[in-house]
Amino acid sequence: MSVDKVILRAILSTLAAIVLLVAFMFVALIGLFPSTMMEITYDLGMEESSIKYAERAYKRGESIKFIAHATTVAIELDDYAKIDAYGEKYVTDEEFPSYCLEIREDAAAAESYRQYVHGQVCVAKYKCGNTTAAVTRAFELNGNAFPEGNAVIAVLLEANSNNDVQTVETIKGKMIALQSAELSEADRGNLIEILALMEK
Numbered sequence: 000m001s002v003d004k005v006i007l008r009a010i011l012s013t014l015a016a017i018v019l020l021v022a023f024m025f026v027a028l029i030g031l032f033p034s035t036m037m038e039i040t041y042d043l044g045m046e047e048s049s050i051k052y053a054e055r056a057y058k059r060g061e062s063i064k065f066i067a068h069a070t071t072v073a074i075e076l077d078d079y080a081k082i083d084a085y086g087e088k089y090v091t092d093e094e095f096p097s098y099c100l101e102i103r104e105d106a107a108a109a110e111s112y113r114q115y116v117h118g119q120v121c122v123a124k125y126k127c128g129n130t131t132a133a134v135t136r137a138f139e140l141n142g143n144a145f146p147e148g149n150a151v152i153a154v155l156l157e158a159n160s161n162n163d164v165q166t167v168e169t170i171k172g173k174m175i176a177l178q179s180a181e182l183s184e185a186d187r188g189n190l191i192e193i194l195a196l197m198e199k
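Okay, here's the thing in C-alpha cells:
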C-alpha cells in the first residue's frame, strides 16, 4: 500500500470520526439539553424549532422562562395557534405574576406586560375562530377588575376591526353587567371610558 493511500485513509477516518462526534453531540443536546438547543436554534433563525425545544424544557419542569420564550417567539411569528397553546400555559403558571415583575422590575411595567400577554392569548383564540372562548377567557383573566389595556379591550378592538358586530355587542353587554361589580375607582373609570367610546 502506498504512502498516499495510507494518508488518505487516515484523513477519511479522522473526518468520519469528527462527523460522528458532532452528530453524537447534537443528539445529546437534543435529548439532554433542550434549553441549550432552544437558544441555538433561535440564534440560527429556526424559530419553530426553538419553540419546540422551549416547550420540551418547560415540560421537564424547568423554569417558566421557557414557556415565556415559546410564547414570545409565537407572538413574533403571528402564529395564533401556538400563541393560544403556549400563552395559555404561560398565564396559568403560578409563577407568572412574579415572573412578570422579575423581567420588568417595576410593578406598573409588570402589570402592563401581564395585560399585554393576556390580550395576546385572547386575541389568538379569537383569530383561531374560538370567539366565545376568547371573550369568556378575557373576562375571566380580568376577574372583578377592568385594568388599563386589558384582554377584553384587546378582543374588542380585534372584533371591531373585523366588523364583528355580534362579538362587539356581546362584549358590550358583559361590560355593562360589570358596572355593578365592586371595581376600584381606576378600573371603573377605564370601564366607563371604553363604554362611552363604544357609543360614539
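Note that numbering that gives the first Met the number 0 has the sequence shown beginning at 0, numbered continuously upward.
C-beta: ideal position from N, C-alpha, C; glycine also.
All values reported here derive from a predicted model rather than from experimental measurement.
Cα-Cα, which of the options is closest to residue i?
{"i": "aspartate 83", "options": "Ala132, Lys171, Ser183 and Cys99", "result": "Ala132"}
{"i": "serine 183", "options": "Ala108, Gly142 and Glu46", "result": "Gly142"}
{"i": "lysine 88", "options": "Thr71, Val164, Ile191 and Ala144", "result": "Thr71"}
{"i": "glutamate 46", "options": "Lys64, Arg59 and His68", "result": "His68"}
{"i": "serine 34", "options": "Gly44, Ile10 and Ser62", "result": "Ser62"}
{"i": "glutamate 94", "options": "Asp105, Lys64 and Glu104", "result": "Lys64"}
{"i": "cysteine 127", "options": "Asp78, Gln165, Asn162 and Gly60", "result": "Asp78"}
{"i": "glutamine 114", "options": "Thr130, Asn129 and Arg136", "result": "Arg136"}
{"i": "threonine 166", "options": "Glu192, Met197 and Leu140", "result": "Met197"}
{"i": "threonine 130", "options": "Gly44, Val164 and Arg187", "result": "Val164"}
{"i": "glutamate 168", "options": "Leu194, Ser48, Asp42 and Asp105", "result": "Leu194"}
Looking at residue i: is its Cβ nearer than 8 Å to the Cβ of residue j?
{"i": "alanine 153", "j": "valine 122", "result": "yes"}
{"i": "isoleucine 74", "j": "glutamine 119", "result": "yes"}
{"i": "histidine 117", "j": "valine 134", "result": "no"}
{"i": "serine 111", "j": "glycine 86", "result": "no"}
{"i": "leucine 177", "j": "leucine 190", "result": "yes"}
{"i": "tyrosine 125", "j": "alanine 150", "result": "no"}
{"i": "alanine 107", "j": "leucine 100", "result": "no"}
{"i": "lysine 173", "j": "phenylalanine 145", "result": "no"}
Contact check, residue i vs residue j under 8 Å by CB: the rounded distance?
{"i": "tyrosine 57", "j": "isoleucine 66", "result": "4 Å"}
Given the structure, does residue i come close to the ligand NAD, in the sense that its CB is under 7 Å from one of the ligand's heavy atoms?
{"i": "histidine 68", "result": "Annotation note on the ligand NAD: not contained in the displayed structure, which lists no ligands."}
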